[in-house]
Each structure stands twice: as C-alpha cells, then as structure tokens.
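Student: Per mature numbering (1 follows the signal peptide of the UniProt record, and there is no 0), the sequence shown runs over residues -20 to -1, 1 to 283.
In this text, a Cβ means the ideal position worked out from N, Cα and C, and glycines have one as well.
Small disclaimer: the values here were computed from a predicted structure and weren't measured.
After the structure tokens below, expect a handful of questions from me.
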Amino acid sequence: MRLNNLFAAIAALFFATGLAAQTAQPAFSVAPPPLDPENTWVLDLTTGGRVTIQLRPDAAPNAVERIKTLTRQGFYNGTIFHRVIEGFMAQGGDPGGDGTGGSSLPDVNAEFNVLPHVRGAVAAARGGDVNSANSQYYIMFGPRLQLDRKYTVFGRVVSGMEFVDKIERGEPPANPSRVVRASIGADNVPPPSPQEVAAVASAPLPRGRAAAPPAAVQSLGSGTAQPGQAAPAEAAQPTTPSAETPATTQPPATPSAPPPSESTANPNESTTPQDASEAAPQPGATPTPEPTPTPQPDTPTPQ
C-alpha cells in the first residue's frame, strides 16, 4: 500500500512539473532580430574601414526612419565626429561640425526603450528637451548604463568597431575623423575608393552651420545614388541653431546627465551624451554637469 502511495506521489509531481513548464511565461529578452539589409546602417570612415550598424525599428521606429531618410539624401557624407571622449563615446551627424546643427527636418520625439548603453550602442543625441533629437548621433566606446532610458538607443555596431575605436579624440578633435559615405545595406553601395577617402579626409573643415559641405563630399552621392551623383542641396545645408537640431552639445560626464544631445543657436550647446564619471555632461548637452545641449569637456552628452 505504501509503495502504491509512493508511485502516486511521484506521478503527481511529474504531472505538476510538466504543467508548470507549459504555462510558464517565456523569459524577457532584448536579443536583436536577424540582420535585415533594409535596417542596416553602413558608415565608411576615414579611419580605415566600414562600420556596420544594426538598426532597431522595433525599439525606435522614428529614430531609425530619420537615419534612413537622411542617409539616402547623402546628408551624412563628409560629416565629422566633432565630439569624441576617450572611454565614453564619439558624436557626429552635425553638417556644421560644431555640435549645434542638424537637418531641416522636424525634431524627432524621444523613444526611450530597453536597449542599453553598452559598447557599440548607437543613440540619438539631443539638447535639453528630450524631444529635440534631429540628425546627430553617438557611438559608445564603453558601457554607460546610467544613460539608459534618457537617450534613444536605435542600433548597435555589429562589425567594424575597430574603426570606431580609431576615431580621433577631442572636443573638438584637432584633426577630426569623418564619414566618407553613409548608406543603407539594402542599397548595396560599394566601399569608397582610396581616392574618395583621401578627398574627404583632406577636405576643409566645416565652419559651423552656415558652412556648405565641400564639393568632394557632395559628389560622393547618397545611399541610393551612384558615387558620381551629387547629394541634394537641402541635405547638405546645416539647420539653424534650434531645438530641432540633433545632439549638438557636448555630453556631460556625470551619470545624471543625458547622452549626446543637439543644441540650439548656441554653438556651445551641443547634443552629446554625458559621461557617468563627470559632473553631468551629456552627448549633445551643454558643457556643464547637466544634461543640457552644450559641449562639455570629457563629458559626452548623448540625448
């Protein structure tokens, strides 16, 4: 009798375990979806190679759409990385090269999500207003989890991070690294020739938002255009210093400040991410320990 009771207890235990396994909820995951060419951002840099970034429209659809739109206009061709902080992030995307500019398109609202600020994460820089992201972006050299849900992360580097690591440091760098050409993977744009890379690397530096991109850069074309075609004039024009310009300020280094942000008419207000180790500069924020849109020393302000 006791033996029968023992078998019955064991059977009941197995049944309960199997039922629990069937009804248990799947564990939450932020694993990226399979790489999709239409949502792959390609940056050919003067640092020596191609950087491939997986865009995440599932997490930040509007930010991804803005990147794709500007890329296909040729907007990012020839732009510099104007704020680069060792161990923190590299910020670019301002046609004027001073962290205060953006595109002529309206600003993009914040899309804070679960994607973390880890090495290789790519996010939208902004100013003090969380809805002021426009065209500027930053790439993380290392983790800064205190920036999570304060800036919109919209992608991550999946290959070519070694070329990101070679980006010239400085705020601004003495000899800034550039994007030779940006494209979308689905457009199958070939890598630039050595002559194209040399032309972009040696082009005059931009002089604020009023400066037009060098002819050598315009001739590179956009993600969908052929290398010989000129990019639309509108894409080459930096926007005025307004809240809609992306991450133009420098990122504060304190954990309280947001990542790179874009600033308005004040060239000191950049949209940069902030470093957790400093006062609070963010990518695109002001050079103060606050997540404002102004350039800050050694404090990336990604917003």
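1. Between P14, E45, G28, which lies nearest to residue 286 when the distance is taken from Cα to Cα?
2. Would you identify the three-state DSSP class for A245, choosing helix, strand or coil?
3. Kindly identify the DSSP beta-bridge partner or partners of I33.
4. Along the beta strand (DSSP E) that carries V44, what are the first and last residues, could you check?
5. Under 8 Å between the Cβ atoms of T59 and G67?
6. In the DSSP assignment, what residue or residues form a beta bridge with Q71?
7. Can you give me the C-alpha to C-alpha distance between H97 and D87, rounded to a whole angstrom?
8. Does the segment 104 to 120 come into contact with the segment 153 to 171, if we say contact requires no fewer than three beta-carbon pairs (one atom in each stretch) closer than 8 Å?
9. Does the segment 137 to 147 come close enough to the segment 168 to 177 to have 3 or more Cβ pairs within less than 8 Å?
10. So, with DSSP's three-state summary, where would you put V98?
11. Taking its Cβ as the centre, do 16 or more other Cβ atoms sit within 10 Å of L127, making it buried, or is it exposed?
12. The alpha helix (DSSP H) spanning A113 covers which residue range?
13. My output table needs one value for V169: the three-state DSSP class, helix, strand or coil.
14. Which value, in whole angstroms, describes the spacing of the CA atoms of A104 and G122?
15. Just tell me which of P12, R36, N168 has its CA closest to the CA of R30.
16. For S83, does the count of other Cβ atoms within 10 angstroms reach 16, so buried, or fall short, so exposed?
17. I need the DSSP call for A104, collapsed to helix, strand or coil.
18. Looking only at C-alpha atoms, which of T80, N114, N93 sits nearest to I47?
19. With which residues is R161 paired in a DSSP beta bridge?
20. Any chance the CB of D167 is under 7 Å from a heavy atom of the ligand SAM?
21. Can you tell me the Cα-Cα spacing of R36 and Y56, whole angstroms?
Tutor: In terms of the structure at hand:
1. Only positions -20 to 283 of the chain appear in this structure, which leaves residue 286 out of reach.
2. Reliability fails at A245, whose pLDDT of 36 lies under 50, so the model's placement of it is uncertain and no value is given.
3. W21, V137
4. Taken as a continuous stretch (DSSP letters only), V44 belongs to no beta strand (DSSP E), being part of the alpha helix (DSSP H) at 41 to 52.
5. no
6. R63, Y118
7. 22 Å
8. no
9. no
10. coil
11. buried
12. From DSSP, A113 is part of no alpha helix (DSSP H); its letter is neither H nor E.
13. coil
14. 16 Å
15. N168
16. buried
17. strand
18. N114
19. D24
20. Questions concerning the ligand SAM fall outside what the structure shown contains, since it holds no ligand whatsoever.
21. 19 Å
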